[in-house]
Amino acid sequence: MATKIFLTGATGYIGGHALYTLVSQHQEYEMTVLLRTIPADFSEQYPNVNIVKGDFESAEILSDAASKADIVIHNGNSDHEGAVSALLSGLQRRSTPSYYLHLGGTGIIADVKTGPYGMLNPKVWSDITDIDQLWSMPPGAGHRNTEILIQQTIADHGDKVKTAVICPPDVYGRGSGPGRKSSFYMPLFWEGIQKLGATYYTGEGANKRGYVHIDDVMKVYLRLVESAAQGGKDVDWGLKGYYFTTTQQWSQLEIARAAGKILTAKGLLKSEEPKRLALDDLTGLLDRVGSPIPSLYLFCSNARTVAERAPKVLGYQGDAPTLMETLDRELLTHSNTMSIMQEKFGANIAIATSGTPYWLLYSMLGGTLWTLDFLLHGMTLGTNLRMSAWQPVTTHFYPKAVQGNYYGLVAAAKFVNGDGDL
1 MATKIFLTGA
11 TGYIGGHALY
21 TLVSQHQEYE
31 MTVLLRTIPA
41 DFSEQYPNVN
51 IVKGDFESAE
61 ILSDAASKAD
71 IVIHNGNSDH
81 EGAVSALLSG
91 LQRRSTPSYY
101 LHLGGTGIIA
111 DVKTGPYGML
121 NPKVWSDITD
131 IDQLWSMPPG
141 AGHRNTEILI
151 QQTIADHGDK
161 VKTAVICPPD
171 VYGRGSGPGR
181 KSSFYMPLFW
191 EGIQKLGATY
201 YTGEGANKRG
211 YVHIDDVMKV
221 YLRLVESAAQ
231 GGKDVDWGLK
241 GYYFTTTQQW
251 SQLEIARAAG
261 KILTAKGLLK
271 SEEPKRLALD
281 DLTGLLDRVG
291 SPIPSLYLFC
301 SNARTVAERA
311 PKVLGYQGDA
321 PTLMETLDRE
331 LLTHSNTMSI
341 MQEKFGANIA
351 IATSGTPYWL
361 LYSMLGGTLW
371 TLDFLLHGMT
381 LGTNLRMSAW
391 QPVTTHFYPK
401 AVQGNYYGLV
411 AAAKFVNGDG
421 DL
């Protein structure tokens, strides 16, 4: 009988790549994915993948789908307690042992709330020697709220539900799934570079973070799923089932210097020298988010881990190109995206002269989503998309956001009518 897998986050960066990897490597698995909206070409790309329509608020749908699966892989919102609870409760209803793979992240150990910002924190976390402390992190630690639910499941139903937390650091590399193709770090780093006209850091820039190529993360996914499909032997589950995937560490200053050289050589910056910013100035680069936490986390904090369990238990060895080896490609991908937008919309995009080019691009995307969402659902559904589309206007009153929403609406309408290819 084919192994049945239920996967969430299929249109996300890591979840989409996981779907692509599993379907490519194991066509014998019976795959089912959760989708709120089905991408236009999804069935062509994945003709043998079953679809369950719903979202993370659909507790009954999630629980029912989980109860029918041998393996659940949750790649969606790792902090959504309702979704995690529903998936785990569904697995608990099964009469045979099942497996739950949960995408976490090293935000759980980052010193984002305490610092030292821009300074090196000597602590390097191990998924073996620090395992007891990892399961005892305070409730306010990143992702801890849902890991508590996993911990409770291990205590109460560990004989029936075998769990594993996959905990990658910052991930880079192009995804191959049906949705997002990149992680958050590089687009946000590039946004700040455009605003400043330079790369940047704070303090000494000595804060270090772990990194891993998405292809290396998939090795851990693949090995765990393959083990689960064969009965889960010779693999750590439960309280020992906690897997870091870090393959390298870089400081913010090292990345800023390398990026400066690349962008200067390409004529995209006037100087390769990074700017040292005061903490408030750096966090203000992403003020549109409404919180300093993303900037503190991505550019100012330490999140240092070493992957010891995966090499020991899974034979894991990262061999994908390092961040520094792919940095030019990562940066130029986002630069080229902006160039394409400028070519399509001419002076309206105002890339070269605008102090806030991201707002225009963001708002164009928002307007496009609003139009497509309206055509699909009318005025009764899809509130989140419409709210996100107009948030720049209602929150910040940026003229370019208004302009961006307009051009996004026009672009989407032209596309729907067959007059455009954006």
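Numbering (full-length UniProt numbering), first residue to last: 1 to 422.
The beta-carbon is built from N, C-alpha and C at its ideal position, and this holds for glycine as well.
Since this is a predicted model, take the numbers as computed values, not measurements.
Non-local beta-carbon contacts of ILE148 in its own chain, meaning distances under 8 Å to residues more than five positions away in sequence, involve PRO139 in chain order.
The beta carbon of ALA258 sits closer than 8 Å to those of MET324, LEU327, all from its chain and outside the five residues before and after it, given in chain order. Contact annotation: GLY104 and SER78 have beta-carbon atoms nearer than 7 Å.
Rounded to whole angstroms, the gap between the alpha carbons of ILE293 and VAL84 is 24 Å.
Residue nearest to MET1 within the set GLY315, GLU28, THR199, THR11 is GLU28 (criterion: CA-CA distance).
Sixteen is the threshold: when 16 or more other Cβ atoms of the shown chains lie within 10 Å of the Cβ of ALA66, as they do, the residue is buried. The beta-carbon separation of GLY205 and GLN252, rounded to 5 Å, stays under the 8 Å limit for a contact. Note on the UniProt domain "NAD-dependent epimerase/dehydratase" (155 to 233): whole beta strand (DSSP E) runs with a minimum of 3 residues are 161 to 167, 170 to 172, 200 to 202, 208 to 213, in chain order.
For PHE42, the enclosing alpha helix (DSSP H) covers residues 42 to 45. Look at ASN145 here: in three-state DSSP terms it is helix.
For GLY210, the closest C-alpha among the options HIS74, ALA110, GLY179, SER291 is that of ALA110. In chain order, SER63, ALA66 place their CB closer than 8 Å to the CB of SER89, counting only its own chain and leaving out the 5 sequence neighbours on each side.
A straight line joining the alpha-carbon of PRO168 with that of TYR243 spans about 8 Å. If you draw a 10 Å sphere on the C-beta of ASP41, you find fewer than 16 other C-beta atoms in it, and that means exposed. By the Cβ criterion, the region 234 to 250 is in contact with the region 160 to 176, since at least three pairs of Cβ atoms, one from each stretch, lie closer than 8 Å.
Pairing THR245 with VAL220 gives a Cβ-Cβ distance under 7 Å. In this structure, the straight-line span from the alpha carbon of ASN302 to that of THR114 is close to 10 Å. The beta carbon of LEU134 sits closer than 8 Å to the beta carbons of ILE108, ILE109, TRP125, ASP127, TYR242 from its chain, once the five residues preceding and following it are set aside; these are given in chain order. Ranked by Cα distance from PRO116, the options GLN249, GLY203, LYS275 are led by GLY203.
Around the CB of ALA198, 16 or more other CB atoms lie within 10 Å, so the residue is classed as buried.
If you look at HIS102, you'll find it in the beta strand (DSSP E) that goes 98 to 103.
No residue range can be given for GLU57, since it is assigned to no beta strand (DSSP E) and is classified by DSSP as neither H nor E.
In this structure, GLY76 lies away from GLY175, with their beta-carbon atoms at least 7 Å apart. Rounded to whole angstroms, ARG36 and ARG180 show a C-alpha spacing of 15 Å. Of the other Cβ atoms in all chains shown, fewer than 16 fall within 10 Å of the Cβ of ALA278; this residue is therefore exposed. When LEU282, LYS4, ALA155, ILE14 are compared, the shortest CA-CA separation from ILE51 is found for LYS4.
The beta carbons of GLU330 and TYR172 sit closer together than 7 Å.
Checking the DSSP bridge columns, you'll see GLU81 has no partner listed. GLU191 and HIS157 have their C-alpha atoms some 45 Å from each other.
Residues GLY15, ASN75, GLY76 of the same chain have their beta carbon placed closer than 6 Å to that of GLY9, with the five preceding and five following residues left out of the count.
A straight-line Cα-Cα distance of about 16 Å links THR153 and ILE73. As the crow flies, the alpha-carbon of LEU286 is around 37 Å from that of SER43.
Under the three-state reduction of DSSP, ILE150 is assigned to helix.
In the DSSP annotation of this structure, the continuous segment of the beta strand (DSSP E) that includes LEU7 starts and ends at 4 to 7.
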